[in-house]
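Peer 1:
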Amino acid sequence: MARVVVDVMLKPEILDPQGQAVATALPKLGFDGIAAVRQGKRFELELDGDVTEERLAQIRNAAETLLSNPVIEDYTVRVEP
Amino acid sequence: MSGHIDTVKQAETTPEAEQPFRELGLRDDEYARIRGILGRRPTSAELAMYSVMWSEHCSYKSSKVHLRQFADVVAKGTAGSDAMLVGIGENAGVVDVGQGWAVTFKVESHNHPSYVEPYQGAATGVGGIVRDIMSMGARPVAVMDQLRFGPADAPDTHRVLPGVVAGVGGYGNCLGLPNIGGEVVFDPSYAGNPLVNALCVGVMRAEDIKLAHASGSGNLVVLFGARTGGDGIGGVSVLASETFDDDKPTKRPSVQVGDPFMEKVLIECCLEVFAADLVVGIQDLGGAGLSCATSELASNGDGGMHVWLDRVPLRDMSLRPEEILMSESQERMCAVVTPDRLDAFLEICARWEVTATVIGEVNDSRRLTVEWHGDLIADVPPRTVAHEGPVYERPMVRPEWQDGLQADDPSRLARPTTTEQLRDTVLRMVAAPNLASKSWVTDQYDRYVLGNTVLAQPEDAGVVRIDPATGLGVALATDGNGRYGKLDPYAGAQLALSEAYRNVAVSGARPLALTDCLNFGSPEDPAVMWQFAEATRGLADACRELGVPVTGGNVSFYNQTGDQAINPTPVVGVLGVIDDVTRRVPMGFAAEGDTVLLLGTTRDELGGSEWAHHVHGHLGGRPPQVDLAAERALAELLVEAAARGLVRAAHDLSDGGLAQGLSEMVLRHDVGVTVTLGEVTGDAFTALFSESAARVVVAVAPERLDDFRAAATAAGIPVTALGRTGGDALVVDGVFRVGVGELRAAHDATLPALFA
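Protein sequence lines correspond, in order, to chains E and X. Take 1039 as the starting number for the first sequence in the numbering used here and just add one per residue. Take 418 as the starting number for the second sequence in the numbering used here and just add one per residue.
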């Protein structure tokens, strides 16, 4: 059984209030040396059967239309070895 | 940080350099005018500033000549205008509500951003109007949202509505502000052009009003709040990509993301700074960002201003100076502080963990100068940027289809005649998307946080208490019927004001002032411009007649797809004051045995009605007759009746007519009613569905009936006895009976079935 991972991140220029909140909390809890934090989402898709180009195209379509909001987010699709 | 910085010196030596002014939305003559003002070509930073500040959105260049009528109403000393402490032109108008309290309120549009990214567009719409209220020195106490979408079953409505509603709720709820009312309207004319208007109301002591002025040479300009990123930069990217940075054409996103928790901290920080009297002037950063804030502060002040732009704290270090000037990053404010108060100011900001940076200084140069790492990149007279932009008298033509539309009277439409048909129509109408229960939307908003909400949706007006000691409160209602506006923009605007005014009075509050959000198509279309001119003229005339001045608001043009403009939609918000909120009048039947009376006159008026729209998909004829004298007399009666405790319930009749009004009054507390229609008007159908204006239904306790009738007679208001409350059904004697359960099922099911 194959696994495809879709990572969804806010585009670099988009404000990320959640990431900022984490970045503010880190030094207060003693975790030093971290300059900035950006938070995203990771989807792990278990496939029925093997990875094919057709399947990947379908997953990219899902990533574009359902898993991410392309107006403010970027995504990457990769096959987990 | 690559690329070349265009300085004033370079602009002087390279007069012939090509500039992308057309891509920035400037016309050839506007660009020539900028060159004339400066006596040279503008630098790219100056071009960025002028292009955003001279945009329709910021300069009101097409609407200004018409909006002057609103100032004239006040200048001519119309009754009611003496309550106005701050009028049009500031961030928001301020009204004296008595007992030393002042209230500031304003409605604004965020239509286009909400279409692109519904959640963030709506959320930042709330955030922006809240900062306008804060910048007057007030504590925001409530919000309201006026939402308009395409047909309820259209795919685009399903994309936009859930995000918009979640965005309004998400931002307002996190901020801890009650959402006390608003509108949700569906109409094909808004398909692809949703209207997302947001209103905020704030309260302060009258002596604490703050203004957007930068005066006093040597005073410091402090930017505080969120860091500046690439949010909301649209057209300016051409400066970076096309002219100066050929190797890397980065198209930056224009979606602004809101952070309500940052805004909440900013509110508290501002209020503490205000309480300690640490600012000379203050301005929020909204549309056009720093370009707007610095030029308006300097222009309203008495001198000039110098800005060290490289000191602005950035979220994205790659931003170019033009982009910093135009960024619309949210949750930022700009204050003018005297040098001796700076430490105290910065200390308060530090305690709230709000980043605050001195970015400029007020001087007496009468110029706004901007410096970037030692180079002068802008040197302009601030008034020419902020207040002396182009003003257009756009051509106006009454559309040639207007006569045909008005001639297409709804009298040709098939009307229900049998009792069975009438009963079916009542049930069908209460379930129509525009008339059905909006609970699915409003239940996503916190209506009671802060503990001062007296009335909220679905009541006619939102009422909040502003002084717990005395019970002083304010009421707010907003209305706007685009179908009426299309049939007759002059009357449509007056009907919007009439309805909001009536809704405030129904709750027992005395109407004081109004704010408006004028949503229209393209001003370059003479037909749209005619609609706009008619609507503003109608509104100004009605303001005079009713004695309620316009305190401020917003114009949203270009709401159209291709050559198809939205219905002209002036949204009017009326503010009223109620001396004791325990005297407020709710809308629902609350006890058995009360006498139910109809106030006002019912005529056969179905042009633009919800019945014609929902049952026949028809829009034609004339809107209901406007009768401002009757509205005024009715409001005076309602306010008096509330103060004397004469009525138990009162509800305005508008969309859907008497059938809808009675249904809503029954459903509020599941108390039925039995009425007869014989004395209302000719036939049962007209009595039930006509939308004649200046009408209200009241429920009066038996022991108050004589007093109320006497007061109504004295006020010259026609009274028709309808019947009596009680039972568990809406009964129209001799016509039909609908059980409360059946009525509720029809009324409540529509929106969840469409969107849940």
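All residues carry an ideal CB built from backbone N, CA and C; glycine is no exception. Treat the numbers as computed from the prediction; the structure is a model and nothing was measured.
1. Mind checking who residue 564 (chain X) pairs with in its DSSP beta bridge?
2. Which residues mark the beginning and the end of the alpha helix (DSSP H) in which residue 1121 (chain X) is found?
3. Can we say the segment 459-471 of chain X touches the segment 783-803 of chain X, given the rule of at least three CB pairs closer than 8 Å?
4. Nearest to residue 876 (chain X) by CA position, among X:866, X:893, X:884, X:869, is which residue?
5. Within this structure, are the beta carbons of residue 777 (chain X) and residue 545 (chain X) separated by less than 9 Å?
6. Return the first residue and the last residue of the beta strand (DSSP E) that residue 1004 (chain X) is part of.
7. By the 10 Å Cβ neighbour count, where 16 or more other Cβ atoms means buried, how is residue 981 (chain X) classified, buried or exposed?
8. Mind checking if residue 646 (chain X) is an interface residue toward chain E, Cβ cutoff 9 Å exclusive?
9. Residues of the segment 1051-1064 of chain E with a CB closer than 7 Å to any CB of chain X: list them in chain order, please.
10. Per DSSP, which residues does residue 1112 (chain E) bridge with? Please list them.
11. What separation, rounded to the nearest whole angstrom, lies between the Cα atoms of residue 924 (chain X) and residue 422 (chain X)?
12. Please confirm whether residue 679 (chain X) has its beta-carbon closer than 9 Å to some beta-carbon of chain E.
13. For residue 977 (chain X), which beta-bridge partners are listed by DSSP?
14. Need the endpoints of the alpha helix (DSSP H) that residue 1163 (chain X) sits in, please.
15. Along the alpha helix (DSSP H) that carries residue 949 (chain X), what are the first and last residues, could you check?
16. So what's residue 1106 (chain E) in DSSP terms, helix, strand or just coil?
17. Throw me the rounded Cβ distance for the residue 998 (chain X) and residue 914 (chain X) pair, which I believe falls under 8 Å.
18. Across which residues does DSSP place residue 1041 (chain E) in a beta bridge pair?
19. To the nearest angstrom, report how far apart residue 1006 (chain X) and residue 1139 (chain X) are at their CA atoms.
20. Round the Cβ separation of residue 511 (chain X) and residue 503 (chain X) to the nearest angstrom and send it over; I've been treating them as touching at under 8 Å.
21. Identify the residues that DSSP records as bridge partners of residue 526 (chain X): which are they?
22. On a Cα-Cα basis, can you pick out the residue from X:487, X:1114, X:650, X:519 that is closest to residue 505 (chain X)?
23. Excluding the five sequence neighbours on either side, which residues of its own chain have a C-beta within less than 7 Å of the C-beta of residue 1003 (chain X), listed in chain order?
24. With a 10 Å radius around its C-beta and 16 neighbouring C-beta atoms as the bar for buried, classify residue 1077 (chain X) as buried or exposed.
25. Does any C-beta atom of chain X lie closer than 9 Å to the C-beta of residue 1107 (chain E)?
26. Residue 790 (chain X) by DSSP, collapsed to three states: which one?
27. Determine the chain X residues that contact residue 1110 (chain E) at a beta-carbon separation under 8 Å, and present them in chain order.
28. Do residue 733 (chain X) and residue 642 (chain X) have their beta-carbon atoms positioned less than 9 Å apart in this structure?
29. Go through the segment 859-934 of chain X residue by residue and report every complete run of the beta strand (DSSP E) that reaches 3 residues or more, in order.
30. Taking all protein chains shown into account, do 16 or more other C-beta atoms lie within 10 angstroms of the C-beta of residue 1052 (chain E), making it buried, or fewer, making it exposed?
31. Give me the chain E residues within the contact set of residue 570 (chain X), using Cβ-Cβ distance strictly less than 8 Å, ordered along the chain.
32. Leaving out five residues before and five after residue 583 (chain X) in sequence, what residues of the same chain have Cβ atoms less than 6 Å from its Cβ?
33. Using a Cβ-Cβ cut-off of less than 8 Å, give me the residues of the segment 707-740 of chain X that come near chain E, in sequence order.
34. I need the straight-line Cα distance from residue 616 (chain X) to residue 521 (chain X), nearest angstrom please.
35. Using a Cβ-Cβ cut-off of 9 Å, state whether residue 660 (chain X) counts as contacting chain E.
36. Judging by CA-CA distance, which residue of X:683, X:800, X:886, X:1025 is the nearest neighbour of residue 825 (chain X)?
Peer 2: Taking the structure as given:
1. X:601, X:613
2. Looking at the DSSP string, residue 1121 (chain X) is not in any alpha helix (DSSP H), and its letter there is neither H nor E.
3. As far as the Cβ criterion goes, the segment 459-471 of chain X touches the segment 783-803 of chain X, which means the pair count is three or higher.
4. X:893
5. Taking C-beta atoms as the reference points, residue 777 (chain X) and residue 545 (chain X) fail to come closer than 9 Å.
6. Note, residue 1004 (chain X): premise wrong, no beta strand (DSSP E); not H, not E.
7. exposed
8. yes
9. 1051, 1052, 1053, 1055
10. E:1047
11. 59 Å
12. Residue contact with chain E for residue 679 (chain X): present (Cβ-Cβ distance below 9 Å to some residue of chain E).
13. X:982
14. The continuous alpha helix (DSSP H) containing residue 1163 (chain X) extends over residues 1157-1172.
15. Here the alpha helix (DSSP H) through residue 949 (chain X) covers 943-963.
16. Residue state, collapsed to three classes: coil.
17. In this structure, residue 998 (chain X) and residue 914 (chain X) do not form a Cβ contact; the two beta carbons are roughly 24 Å apart against a cut-off of 8 Å.
18. E:1084, E:1118
19. 14 Å
20. 4 Å
21. X:614
22. X:487
23. 872, 876, 1066
24. For residue 1077 (chain X), the number of other beta carbons within 10 angstroms of its own is at least 16, and it is reported as buried.
25. yes
26. coil
27. 534, 537, 670, 672, 674
28. no
29. Listed in chain order, the beta strand (DSSP E) elements of length 3 or more contained wholly in the segment 859-934 of chain X are 870-872, 879-884, 889-896.
30. buried
31. Within 8 Å Cβ-Cβ: nothing; residue 570 (chain X) doesn't reach chain E, min ~21 Å.
32. 536
33. 732, 733
34. Approximately 11 Å, taken between the alpha carbons.
35. Note that residue 660 (chain X) scores a pLDDT of 38, beneath 50, so its modelled location is shaky; the value from the coordinates is reported in the next line. Cβ-Cβ to chain E under 9 Å: no for residue 660 (chain X).
36. Checking every option, the nearest Cα to that of residue 825 (chain X) belongs to X:1025.
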